[in-house]
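Numbering (the working numbering), first residue to last: 3 to 461.
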């Protein structure tokens, strides 16, 4: 069942219940008013039977009774509850009439309905002597009135239900029109045009929330597709060269007889290319992992200084000839304000990339790391600052503009081993941690990469 139909039926059902409730209230209120009106007319007739200025005259009362109503029955009692006049011949009703008169003497006004007949009691004084009149009568018009009222209300109820249903259909159609438009626009979006988005109507209502949520989902899907395509492109583009080199080396050794030394050289070359292939694969996998949606990456409280030491040990283990110095320039307590909410593995990858680059492009294979902190002058928030510095060739403006692009390498760096992934990966990791990476290169050849991270505790 469509939502539009379900909404229409639900609205009609609820409206029908409310209408039924009000119809019942109106029906019983109308019948009650009709009954009260009959009691009033009956009491007026009973009151007109006796003339307060003349004595009791049974013949005159009988004449007035006949003129007042041919169906009403009246019984008049004196103060001792002796019957003065009665036109009620039913003995059972006479007993009931006396019972009502006794009740009136004890409790006052009384109106009662028994066996379809209305009973009421009132008192009237003649020459200062009280008399009690018990009046009874049947309302012959009530049944016809009730039947007509029921028929009218039934037809009104059915007509109202139909109006409610078609009116709710119209309203639900108008309400669901934006959803239908959204579905039509969503059907146009496919894997080939994931950049398309559903326009925001700007109404600040539930539909706007739904459209924003859908567009955010499209952003995540687009990022996933982009990461997948980039991963495949990177793998196919960058792995081709080392694989071709390994294949060439192995084909040479099989096509011709070589000396033992030549075989060893070819094997070393193939092994070197294989190691390069492993490093490149790891870098591409790290880049793909850093391109995940942040919600899919595990974050926890980690110490930046501890991760720096782990990264230093990792780089030095792979490159014993490197020198990495770590200094502290802290204005706060390091035990509490060097902790951030981050992913330990990705941060270690970022730090080790900067340390490796610092040593690799340094004249003395040395990287100086200074970890400090400062307070942002714009928003007043504290920042963790980590500088990675080395002395070597000064970066050109072209290099600094493209240095964070994947697989970019300066034209002067072709003789230095590398894949061109490290800095783009580091920038992506900083973005995931809501941090920044800056680069500065001065004329003296000092190049500094600066990381800015937000501590998890702000004081």
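Heads up, the beta-carbon is just placed ideally off N, CA and C, and yes, glycines get one too.
Taking C-beta separations shorter than 8 angstroms and ignoring five residues to either side along the sequence, the partners of residue 310 in its chain run 328, 353, 371, 373, 388, following chain order. Where residue 151 is concerned, there is no enclosing beta strand (DSSP E), although the alpha helix (DSSP H) around it starts and stops at 142 to 190.
Around the beta carbon of residue 444, fewer than 16 other beta carbons lie within 10 angstroms, which makes this residue exposed. Rounded to whole angstroms, the gap between the alpha carbons of residue 405 and residue 9 is 58 angstroms. For residue 342, the uninterrupted beta strand (DSSP E) segment begins and ends at 341 to 344. Look at the beta carbons and you see the region 133 to 141 touching the region 117 to 124: at least three pairs across the two are nearer than 8 angstroms.
Membership of residue 390 in any alpha helix (DSSP H) is not indicated; the residue belongs instead to the beta strand (DSSP E) covering 384 to 393. Taken through DSSP and simplified to helix, strand or coil, residue 366 comes out as coil. About 11 angstroms separates the beta carbon of residue 190 from that of residue 196, a gap too long to meet the 8 angstroms contact definition. Counting only residues of its own chain and dropping the five nearest sequence neighbours on each side, residue 126 has a CB closer than 6 angstroms to the CB of 52, 133.
For residue 426, the uninterrupted alpha helix (DSSP H) run begins and ends at 424 to 434, by DSSP.
When rounded, the separation of the alpha-carbon atoms in residue 150 and residue 129 is 47 angstroms.
Under DSSP, residue 77 shares a beta bridge with 88, 136.
Taken through DSSP and simplified to helix, strand or coil, residue 83 comes out as coil. Taking the C-beta atoms as reference points, residue 90 is found nearer than 8 angstroms to residue 75. In the DSSP annotation of this structure, the continuous segment of the alpha helix (DSSP H) that includes residue 312 starts and ends at 306 to 320. Per the coordinates, the alpha-carbon of residue 87 lies some 29 angstroms from the alpha-carbon of residue 36. Counting C-beta atoms within 10 angstroms of its own C-beta, residue 110 has fewer than 16 neighbours from the protein chains shown and is therefore classed as exposed. Taken through DSSP and simplified to helix, strand or coil, residue 437 comes out as coil. In the DSSP assignment, residue 331 is bridged to 374. Here residue 257 carries a helix assignment [DSSP, helix/strand/coil]. Residue 206 and residue 178 have their C-alpha atoms spaced approximately 16 angstroms apart. For residue 16, the closest of 6, 424, 192, 167 by C-alpha to C-alpha distance is 167. With contacts defined by Cβ atoms closer than 8 angstroms, residue 355 and residue 425 form a contacting pair.
Rounded to the nearest whole angstrom, the CA to CA distance from residue 272 to residue 456 is 44 angstroms. For the pair residue 211 and residue 318, the Cα-to-Cα distance works out to about 51 angstroms. Residue 49: member of the alpha helix (DSSP H) spanning 5 to 49, first to last residue. Nearest to residue 306 by alpha-carbon distance, out of 332, 200, 193, 394, is 332.
Burial of residue 432 is indicated by the presence of at least 16 other C-beta atoms within 10 angstroms of its C-beta. Apart from the 5 residues on each side of it in sequence, residue 223 sits with its Cβ closer than 7 angstroms to the Cβ of 196 in its chain, given in chain order. Here residue 360 is near residue 390, since their CB atoms are less than 8 angstroms apart. Secondary structure note for residue 106: its alpha helix (DSSP H) is the uninterrupted segment 93 to 109. In the DSSP assignment, residue 115 falls within the beta strand (DSSP E) that extends over 112 to 116. Secondary structure at residue 265: helix, using DSSP grouped into helix, strand and coil. If you check the CB distance, residue 449 and residue 375 do not come in under 8 angstroms.
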